[in-house]
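A short write-up of the structure that comes next.
In the numbering used here, the protein residues as written are 965 to 1198.
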């Protein structure tokens, strides 16, 4: 479904992604794990068109994304939940969700998508007229995910969904990620909580300073001595 081949990305003189290659197959949850500054968020921003690779190829369902503007990438079926949630703080919950469907014209389908979001996140229905900036961190994370789902993406990019959340909320968010995947959405997950990420993913790639140093079945990686020492505290 999504294939990155030999991607190189720079921030000025800094070589942020050094020839990385990976793929995400339809129906999978794939996770990128690694420490801060490893290139995880840069990878997602490059896929969604917010950063442009200096070289390499990104294809989604066989189409080259490197020449497609970000808003058109959303229209092609890729939606990103940014790190830090980035909800529109001065707008209500329902207005944020409606913005997630800005490219869509079918009111009946938008209504169905909204219903699906409220089923996944009942708290948002309770708070639908509330100003988003007054929500808790967990509620804002739910809203950011709900907003991304309003475009009915085939591939959902999640950037650090557990950041800053209490452990009980982290479990809840990861349970919902599994539910979103089970309902047919493919997921690429960037996450510092390697233990949680590996527990729900089919496959994983380990990034270190802009390079992929390990990849494979997530259960096998969770049991790998190298991964346990570096990321799982064992």
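The C-beta atom is built at its ideal place from N, Cα and C for all residues, glycine as well.
{"Item": "Local conformation of residue 1118 per DSSP, three classes", "Value": "coil"}
{"Item": "Any 3 or more C-beta pairs closer than 8 angstroms across the stretch 1130–1147 and the stretch 1171–1179", "Value": "no"}
{"Item": "Three or more C-beta pairs below 8 angstroms linking the stretch 1012–1022 and the stretch 1079–1096", "Value": "no"}
{"Item": "Cβ pair residue 1105, residue 1049 closer than 7 angstroms", "Value": "yes"}
{"Item": "N- and C-terminal bounds of the beta strand (DSSP E) containing residue 1044", "Value": "1042–1045"}
{"Item": "Sufficient close CB pairs (3 or more, under 8 angstroms) joining the stretch 1152–1168 to the stretch 972–985", "Value": "no"}
{"Item": "For residue 1029 and residue 998, the rounded distance between their alpha carbons", "Value": "25 angstroms"}
{"Item": "Stretch-stretch touch, CB-based, cutoff 8 angstroms, three pairs: the stretch 1024–1043 with the stretch 1053–1063", "Value": "no"}
{"Item": "DSSP state of residue 986 mapped onto helix, strand, coil", "Value": "strand"}
{"Item": "N-terminal and C-terminal residue of the beta strand (DSSP E) that residue 1167 is part of", "Value": "1167–1172"}
{"Item": "Segment contact flag, the stretch 1034–1041 with the stretch 1071–1091, C-beta cutoff 8 angstroms, min 3 pairs", "Value": "no"}
{"Item": "Exposed unless 16 or more other CB atoms sit within 10 angstroms - verdict on residue 1066", "Value": "exposed"}
{"Item": "Bounding residues of the beta strand (DSSP E) (the contiguous stretch that carries residue 1072)", "Value": "Careful: residue 1072 lies outside any beta strand (DSSP E), inside the alpha helix (DSSP H) at 1071–1084."}
{"Item": "CB contact flag (residue 993, residue 1165, <7 angstroms)", "Value": "yes"}
{"Item": "Opposing strand residues paired with residue 1024 [DSSP bridges]", "Value": "966, 1027"}
{"Item": "Pair within 7 angstroms by beta-carbon distance, residue 1045 and residue 1010", "Value": "no"}
{"Item": "Beta-ladder partner(s) of residue 973, from DSSP", "Value": "981"}
{"Item": "Test item: CB-CB of residue 1047 and residue 1012 under 7 angstroms", "Value": "no"}
{"Item": "7 angstroms CB neighbourhood of residue 1101 in its chain, flanking five on each side removed", "Value": "1128, 1129"}
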